[in-house]
Amino acid sequence: MNTYEQDQLIMNYQNMMHKILHRLSIHQYQSEYEDYLQILSIQLWQASKDYPSIQAFQEDYPVNRLWQLLYWRAQDYRRTVLKLPDTLDETQLNYVFNQQVQPSQSDERILLAQFFAQLNTKEQKQLLKLCSDSCSRQLRAYYRQKLRSHFEQFLQND
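When we follow my numbering, the leftmost residue of the sequence shown carries the number 1, and every step to the right adds one.
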């Protein structure tokens with residue numbers, strides 16, 4: 001099967017991939033949606049590359065078998081993402097705690113460092129995730145909401 005036919009095959013099964021992601025509660029407004037869609041497209045491409053034509057591929061992979069293959073691949077990817085550690089390692093925490101603020105730096109950085117030092121460990125991790133953009137849109141909104149009250153209280157005390 002040439003690349004044009006493989007692209008056509010991926011386009012034909014695009015709706016199925018969207019339905020699989022919807023079934024897994026991964027929606028288009030989530031930040032990881034495109035990652036999952038790309039994983040499914042790659043899986044479909046790998047499954048189809050050894051077939052001479054689209055018809056031969058469709059004979060070996062009826063819709064229900066292809067659904068299972070792609071669904072399981074999305075589940076596997078989700079498990080690997082969920083297995084990633086949700087905590088910061090010691091080197092990252094030591095870097096943040098031991099970071100010296102130079103007088104030449106702006107007042108905002110000094111203020112942020114003071115605010116960071118005032119937070120407990122859980123809130124510090126939330127702030128670091130928020131700054132590194134390594135979480136979903138919903139988690140970022142939740143962290144902003146939680147940290148906003150702490151920051152307002154910090155500003156009032158200053």
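Ideal Cβ positions, reconstructed from N, Cα and C, are used throughout, including at glycine.
Inspect the CB distances between the stretch 34 to 43 and the stretch 51 to 63 and report whether three or more fall short of 8 Å.
The stretch 34 to 43, when compared against the stretch 51 to 63, does not touch it at the 8 Å Cβ threshold.
D76 - DSSP class collapsed to helix/strand/coil:
Three-state result, D76: helix.
Alpha carbons only, please: which of L66, Y36, H27 is nearest the one belonging to L9?
It is L66 whose Cα lies nearest to the Cα of L9.
By how many angstroms is the C-alpha of V63 removed from the C-alpha of F115?
So the two alpha carbons sit approximately 55 Å from each other.
Rounded straight-line distance, which links the Cα of W45 to that of Y4:
Each residue's alpha carbon lies about 11 Å from the other.
Measure the C-alpha to C-alpha separation of H18 and E34 and round it to an integer number of angstroms.
One C-alpha to the other measures close to 10 Å.
Please classify S82 as buried or exposed, where buried requires at least 16 neighbouring CB atoms within 10 angstroms.
Sequence inspection shows Leu at residue 82; the Ser mentioned does not correspond to that position. Under this definition L82 is an exposed residue.
By a C-beta neighbour count over all protein chains shown, 10 Å radius and 16 as the cutoff for buried, is Q124 buried or exposed?
Of the residues assessed, Q124 falls on the buried side of the cut-off, its CB having 16 or more other CB atoms within 10 angstroms.
Measuring only the C-alpha atoms, how far is S31 from R137?
Rounded to the nearest whole angstrom, the CA to CA distance from S31 to R137 is 7 Å.
In whole angstroms, what is the alpha-carbon distance linking Q146 and L155?
It is Lys, not Gln, that sits at residue 146 in the sequence shown. Cα to Cα, the separation comes out at about 15 Å.
Specify the secondary structure class of M16 as computed by DSSP and reduced to three states.
Looking at M16 - three-state DSSP - the assignment turns out to be helix.
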